[in-house]
Amino acid sequence: MSGPSDLESVVRAYVPDLDESSHDLALEVLANGRTMWRRSEFEPGHFTASGFVLSPDGDSLLMIRHRKLDRWLQPGGHIEVGDATVEAAARREVLEETGVGDLRSLGARPVRIDVHEIPERGSDPAHLHLDLGLGFQAVSQGIGPIDEVIEARWVAFADLERYGIDDALRSGAQRLADLGRVRMRRAVSSPDLSKG
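Just so we're aligned, residue 243 is where the sequence shown starts under the numbering used here, counting upward by one.
Encoded structure:
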């Protein structure tokens with residue numbers, strides 16, 4: 243069985259910030275072959291998937307406190323063999339780490355591609371994770387039972403700095419907030435007339 247069929251199109255759809263080099267590196271890694279999502283690809287690394295999840299009211303970001311890193315991040319992780327698309331991988335990771343499963347996609351274009359170094363661990367050499375962060379909006383605020391992370395919670399955009407976020411997470415959160423505002427404006431300006 244293969245991995246995500248849309249890996250190349252998702253990477254190519256990304257629009258980087260002006261000062262960002264992650265997209266160029268992602269394109270280089272993609273050129274190495276279509277299996278660069280496998281966790282056994284270490285040279286220079288492999289793609290992972292995450293979800294930048296907007297709360298139903300558009301005011302908060304779903305965050306996890308990562309068990310190994312003891313840092314606040316967006317939910318995400320390795321792409322697995324059964325993940326048909328990058329979106330499927332991101333949805334699975336969000337569900338596994340937060341219990342939040344009812345998500346609306348905010349588009350196939352990543353809100354952020356983040357490249358970060360993973361140190362040597364056991365038999366795995368040091369390598370890169372090229373994280374494809376997709377945008378979603380949750381249908382409800384409920385967080386389910388979790389065991390993969392220390393904690394999961396909704397964090398107001400105004401409070402994100404108190405959680406020690408890095409530039410990549412800050413940029414992804416800003417793009418997510420912007421997407422959410424556009425989506426909400428469209429919903430208000432185009433009411434569903436069939437409901438009335």
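Beta carbons: idealized from backbone N, C-alpha and C, even for Gly. As the structure is a prediction and not an experimental result, all values here were calculated from the model.
Positions of the beta strand (DSSP E) runs, each at least 3 residues long and wholly inside the segment 255-323, are given as 287-296, 302-307 and 318-320 in order along the chain.
Using a 10 angstroms sphere on the CB of H358, the tally of other CB atoms stays under 16, which defines it as exposed.
For F378, the pairing in a beta bridge is given by DSSP as V295 and S347.
DSSP lists S302 as the bridge partner or partners of A398. Between the alpha carbons of D325 and A400 lies a distance of about 34 Å. Selection R354, H308, H320 and I385 evaluated against A255 yields R354 as nearest (Cα-Cα). Taking the Cα positions, L272 is about 27 Å away from E339. Proximity of the segment 295-310 to the segment 391-409 meets the contact definition, three or more beta-carbon pairs being nearer than 8 Å. A direct Cα-to-Cα measurement between I360 and T277 gives close to 19 Å. When DSSP states are grouped into helix, strand and coil, E359 belongs to the strand group. Collapsing the DSSP output to three states places D409 in a helix. Only buried fits L374, as 16 or more other CB atoms lie within 10 angstroms of its CB. Take D248, set aside five residues on each side of it, and the residues of its chain with a beta-carbon closer than 8 Å to its own are T327, V328, E329 and A350, in chain order.
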